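Shown next, in structure tokens, is the structure this report addresses.
Numbering (full-length UniProt numbering), first residue to last: 1 to 239.
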């Protein structure tokens, strides 16, 4: 398969892989990517109209509450549909490793979990490719693939909020539709809720969850990073 690296020159014309029919979400994702290209974003995609891509950032610039030095953090890694099981995931990871080493990085890291969770890298795949446990924040784990003896990165989450609270970013095109919908349904049913759009690097670093794309909390406890559909929102709220 041919691969394409996103740049400022081609980002407006290239398919974003995870983009949906929701124009608002796609536009928000594209704008977020443009902003991150200046911060060292590496986005490599298959030259197909499908989900075959890997997205990574320097840990110092990543919109995640992770501390570390000279690591690349995998933001999103997705191979789906007919492209699964064809070795494209290994190819994407190998190309990212080559890129990171060419930049003199000390290793790679990715947020995962002991059991497979939505929107996270597969823990079995990462372990099979040499990743080791660097840190944990239940139910999340931080897996690392060190290239040298630099200390492994670690989670640095803030205190969880009280009440019902949803954090989200524009990194995922699905959130532009479903995060505000959650707030709308809660408001219509007089259910107190706080919706926090993480729209700056500083807000992301201060997030109480290792995952910033979509993180739902209730009374100080993490609930899920799954982007709830309207049906699941209503079920969760007991409507």
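By construction, the Cβ of each residue, glycine as well, lies at the ideal position given by its N, Cα and C atoms.
All values reported here derive from a predicted model rather than from experimental measurement.
Cα-Cα separation between residue i and residue j, rounded to whole angstroms
i           : j           : result
residue 67  : residue 129 : 23 Å
residue 163 : residue 10  : 43 Å
residue 88  : residue 192 : 44 Å
residue 16  : residue 99  : 20 Å
residue 246 : residue 229 : Coverage of the chain is limited to positions 1 through 239, which leaves residue 246 absent and any answer about it impossible.
residue 154 : residue 97  : 20 Å
residue 27  : residue 114 : 33 Å
residue 212 : residue 84  : 26 Å
residue 165 : residue 137 : 18 Å
residue 24  : residue 78  : 21 Å
residue 231 : residue 101 : 45 Å
residue 6   : residue 239 : 42 Å
Whether residue i touches residue j by CB criterion (9 Å)
i           : j           : result
residue 245 : residue 197 : Outside the shown range of the chain, which is 1 to 239, sits residue 245, and nothing can be said about it.
residue 261 : residue 214 : Given that the chain is displayed from residue 1 to residue 239, the structure contains no residue 261 and the question cannot be resolved.
residue 30  : residue 47  : no
residue 108 : residue 205 : no
residue 106 : residue 69  : yes
residue 208 : residue 172 : no
residue 54  : residue 111 : no
residue 39  : residue 8   : no
residue 119 : residue 76  : yes
residue 161 : residue 220 : yes
Sheet register partners of residue i (DSSP bridge)
i           : result
residue 5   : 44
residue 132 : 144
residue 113 : 140
residue 120 : For residue 120, which the question treats as bridged, DSSP gives no partner whatsoever.
residue 108 : 72 and 145
Within-9 Å CB hit, residue i to chain B
i          : result
residue 47 : Reference to chain B is not applicable here, since this structure consists of a single protein chain.
request  = Would you check if there are 3 or more beta carbon pairs closer than 8 Å linking the segment 170-190 to the segment 122-140?
outcome  = no
Whole runs of the alpha helix (DSSP H) within the segment 12-97, excluding any shorter than 4 residues = Inside the segment 12-97, DSSP marks whole alpha helix (DSSP H) runs of 4 or more residues at positions 23-37, from first to last along the chain.
**Those runs of the alpha helix (DSSP H) which lie wholly inside the segment 140-164 and span at least 4 residues** = none
Please give the ranges of any beta strand (DSSP E) in the segment 155-235, keeping only runs that are unbroken, at least 3 residues long and fully inside the region. 164-168, 194-197, 214-218 and 221-224
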